[in-house]
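Notes for the one structure printed next.
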Amino acid sequence: MNKSPFPGMDPYLEQFWGDVHSRFVVYMADQINDQLPGDLQARVEEGLMVDTETYSRRIYPDVQVVDRPEVSFPPGTPESGTAVAEPCVVVLPHELRTERHIEIIDRNSGNRVVTAIELLSPANKRKGPGRDAYEQKQREYINAGVNLVEIDLIRQGSFVVAIPEVIVPKYCRTTYIICVRRANRQSEVELFPVPLQEPLPNIAIPLRPTDADIVLQLQPLLDVCYRRGRYALLDYTRPLNPSLDNDDQAWTDQLLRSSGTRD
69 MNKSPFPGMD PYLEQFWGDV HSRFVVYMAD QINDQLPGDL QARVEEGLMV DTETYSRRIY
129 PDVQVVDRPE VSFPPGTPES GTAVAEPCVV VLPHELRTER HIEIIDRNSG NRVVTAIELL
189 SPANKRKGPG RDAYEQKQRE YINAGVNLVE IDLIRQGSFV VAIPEVIVPK YCRTTYIICV
249 RRANRQSEVE LFPVPLQEPL PNIAIPLRPT DADIVLQLQP LLDVCYRRGR YALLDYTRPL
309 NPSLDNDDQA WTDQLLRSSG TRD
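Note that our numbering has the sequence shown beginning at 69, numbered continuously upward.
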């Protein structure tokens with residue numbers, strides 16, 4: 069079996085998230101680079117320096133898109149022709165809007181950061197220093213006018229993507245979630261619901277205001293992670309931790325029995 073029995077995110081991969089995360093981030097950067105305008109580049113785990121008048125601090129996105137500002141491209145929808153999922157657009161309360169007062173510079177190359185993509189890890193979602201640091205990084209991206217894409221495919225920890233949980237519509241409260249904050253639409257957030265029962269969506273990734281969006285196709289990348297990581301060796305008879313809710317558990321039990329991975 070070279071493909072997961074699950075149509076989308078496989079919850080059994082969460083126990084090996086360090087390996088899955090490392091693979092997934094590299095594959096995302098490769099797919100993004102294949103679509104970018106010639107003067108943009110996606111880089112993996114490259115430190116950024118955030119400078120203000122009062123402090124300096126390094127932050128590290130999972131994937132960043134950097135800008136060499138010599139060439140402009142016309143705006144528009146994704147040019148690849150690939151269908152993308154329709155997001156749920158949530159208007160933020162006025163008091164949550166931010167001021168653009170932080171300059172983010174890549175000290176190694178002198179390039180401006182356009183978009184940061186974060187594939188969340190358990191440390192980002194558990195209460196403690198890891199979550200505190202991640203929330204600080206969120207604020208710095210938003211205040212600096214960087215597009216922020218957060219992909220949450222794990223069930224550990226609590227809600228952490230860059231929107232107050234209380235204003236998330238009910239139909240977006242799925243097992244997993246993806247959040248896109250566009251730098252030129254500070255009053256809105258795009259949410260992509262990701263139910264356990266469905267394939268991961270294709271999502272539009274914003275670049276500069278003059279660029280068309282590109283498309284990040286998540287499910288093929290997860291399939292490659294599964295195959296190359298040899299996760300067909302997973303023991304699907306073991307209970308999940310954290311456990312699924314009753315509906316997801318009943319669906320999972322039926323799926324695994326019908327696929328022959330569980331008696």
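Virtual Cβ for every residue (Gly too), placed ideally from N, Cα, C.
Do you know how far the Cα of L284 is from the Cα of C293? The residue labelled residue 293 in the question sits at position 225 within the sequence shown. The residue labelled residue 284 in the question sits at position 216 within the sequence shown. Between C293 and L284, the C-alpha separation is close to 15 Å.
Closest by CA to Y95, which one among R295, F260, L324? Stepping through the sequence shown from its first residue, residue 95 is reached at position 27. Minimum Cα distance to Y95 is reached at R295.
In the DSSP output, what is D220 paired with across the bridge? Numbered from 1 along the sequence shown, position 152 holds the residue referred to as residue 220. Per DSSP, I245.
Below 8 Å, can you find three or more Cβ-Cβ pairs linking the stretch 210-225 to the stretch 244-255? yes
Distance, A153 Cα to P267 Cα: Counted from its first residue, the sequence shown places residue 267 at position 199. Counted from its first residue, the sequence shown places residue 153 at position 85. Cα-Cα distance, rounded: 11 Å.
Inspect the beta-carbon positions of L108 and L275 and report whether they are closer than 9 Å. Start at 1 with the first residue of the sequence shown, and residue 108 comes out as number 40. Start at 1 with the first residue of the sequence shown, and residue 275 comes out as number 207. Yes; because the gap between Cβ atoms is below 9 Å, this pair is in contact.
Indicate whether the contact test is met: 3 or more Cβ pairs, each with one atom in the stretch 258-265 and one in the stretch 229-244, closer than 8 Å. yes
Less than 9 Å separating the beta-carbons of P79 and L312? Translated into the one-based positions of the sequence shown, residue 79 becomes position 11. Translated into the one-based positions of the sequence shown, residue 312 becomes position 244. Their beta carbons are under 9 Å apart, which means P79 touches L312 by this criterion.
Going by the DSSP bridge assignment, what does P288 pair with across the sheet? Along the sequence shown, one-based indexing puts residue 288 at 220. Paired residues: none, contrary to the question.
Residue of A97, A201, Q103, A212 minimising C-alpha distance to V228: Translated into positions along the sequence shown, residue 228 becomes position 160. The residue with the shortest Cα to Cα distance from V228 is A201.
Relative to the C-alpha of A272, which candidate in R298, R91, Q103 has its C-alpha closest? Mapped onto the sequence shown, residue 272 falls at position 204. Ranking the options by Cα distance to A272, first place goes to Q103.
Are there three or more Cβ pairs, one per stretch, closer than 8 Å when the stretch 296-310 is compared with the stretch 320-330? yes
How big is the Cα-Cα spacing for S112 and W319? If you number the sequence shown from 1, residue 112 lands on position 44. If you number the sequence shown from 1, residue 319 lands on position 251. Residue 112 is actually Val in this sequence, not Ser. Whole-angstrom Cα-Cα distance: 36 Å.
Around the C-beta of L289, are 16 or more other C-beta atoms found within 10 angstroms, so that it is buried, or is it exposed? As a first step, residue 289 must be located in the sequence shown, where it is residue number 221. L289 should be labelled buried.
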